[in-house]
């Protein structure tokens, strides 16, 4: 997070704390506005990595919703989802899964099993199971999310493209590259038709499909997709946007795979510089850029330079623990 972003986030946290205190003074500790205030402040604490503070607030909010609104309230489901994210951030995946499953059950009972809002819960659960490399349940959740979305908004809606991208990632992780490519190609077509050929969503889809080809060393198929994604991102978002850095990084990986080390090095350095400028010097993405450049230097038999970069990356990541 850049210094100005940190200041803005800190101001948001201060404002949320003040709003919660005022709500408690006006309404007392057991009121919907107080519970919502706790939820909002917890989300900000989570973003700052203050997991203990976030967990305490969310548990208080949960208790209120349960006592006053019953076990199947949508506000309760929202707090369960947020608490699950806090546990997930701490690597407590079993606890997170139980909370997400409960949130899903609440939404299904309150809204119906095929309601579009259930899709978000299915995506959350699928993402968690992917973290645990449990791809079979993740695939089931995403397949169901896809079917609900297609029924609710039609087969060519951007929400369907999101489902297709997530489902493709599950198949990619299992080595089912042909299925993943088919899903990503369909998602790309939907995005192009929905947003036009030069939209950032299209660039994201191009990157996803290119990464699949990269994993299979199909460099000739990946390169034009990445070049097009780069042109879109630079044209729409500007030359110093993090999305531009992401595509530069992917192009660098492609050239590294083709052993075009000089081209790869130039692109890795550009991506690193952009990430430092847009995200700040101590962002985890900067650490990832440093490690990628270090890996290239090791390929080039430049171990001393690689070690320097790896040391700086380790220092950045240590700050975030």
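Residue numbers (the working numbering): 14 to 334.
Each residue gets a CB set at the ideal place from its N, CA and C atoms; glycine is no exception.
N- and C-terminal bounds of the alpha helix (DSSP H) containing residue i
| i | result |
| --- | --- |
| residue 59 | 45 to 60 |
| residue 302 | 297 to 312 |
| residue 256 | 255 to 270 |
| residue 219 | 213 to 228 |
| residue 315 | No alpha helix (DSSP H) holds residue 315; DSSP gives it neither H nor E. |
| residue 204 | 190 to 208 |
| residue 233 | 232 to 250 |
| residue 278 | 274 to 292 |
| residue 74 | 64 to 82 |
| residue 88 | 87 to 102 |
From the options, residue whose alpha carbon lies closest to that of residue i
| i | options | result |
| --- | --- | --- |
| residue 178 | 29, 164, 158, 165 | 158 |
| residue 329 | 295, 317, 321, 311 | 295 |
| residue 281 | 291, 31, 308 | 308 |
| residue 52 | 233, 240, 40, 66 | 66 |
| residue 25 | 57, 327, 83 | 57 |
| residue 313 | 239, 272, 249, 186 | 272 |
| residue 12 | 269, 318, 215 | This structure gives no information on residue 12, because the portion of the chain shown stretches from 14 to 334. |
| residue 140 | 23, 258, 101, 302 | 101 |
| residue 156 | 69, 144, 136, 171 | 136 |
| residue 54 | 68, 238, 43, 223 | 68 |
Buried versus exposed call for residue i [16 or more other C-beta atoms within 10 Å across all chains shown]
| i | result |
| --- | --- |
| residue 126 | exposed |
| residue 40 | exposed |
| residue 28 | exposed |
| residue 85 | exposed |
| residue 248 | exposed |
| residue 184 | buried |
| residue 49 | buried |
| residue 47 | buried |
| residue 175 | buried |
| residue 128 | exposed |
| residue 253 | exposed |
| residue 181 | buried |
| residue 43 | exposed |
- Taking the runs of the beta strand (DSSP E) that are 3 residues or longer, which of them lie wholly in the segment 119 to 178? The qualifying runs do not exist here; there are none.
- When the Cβ atoms of the segment 182 to 197 are set against those of the segment 205 to 213, are three or more pairs found closer than 8 Å? Taking one beta carbon from each stretch, the segment 182 to 197 and the segment 205 to 213 have fewer than 3 pairs nearer than 8 Å; the two do not touch.
- Query: Between the segment 104 to 111 and the segment 73 to 85, do three or more beta carbon pairs fall short of 8 Å?
  - Reply: At 8 Å Cβ cutoff, the stretches do not touch.
- Is the segment 228 to 238 close to the segment 272 to 280, with three or more CB pairs under 8 Å? The segment 228 to 238 is not in contact with the segment 272 to 280.
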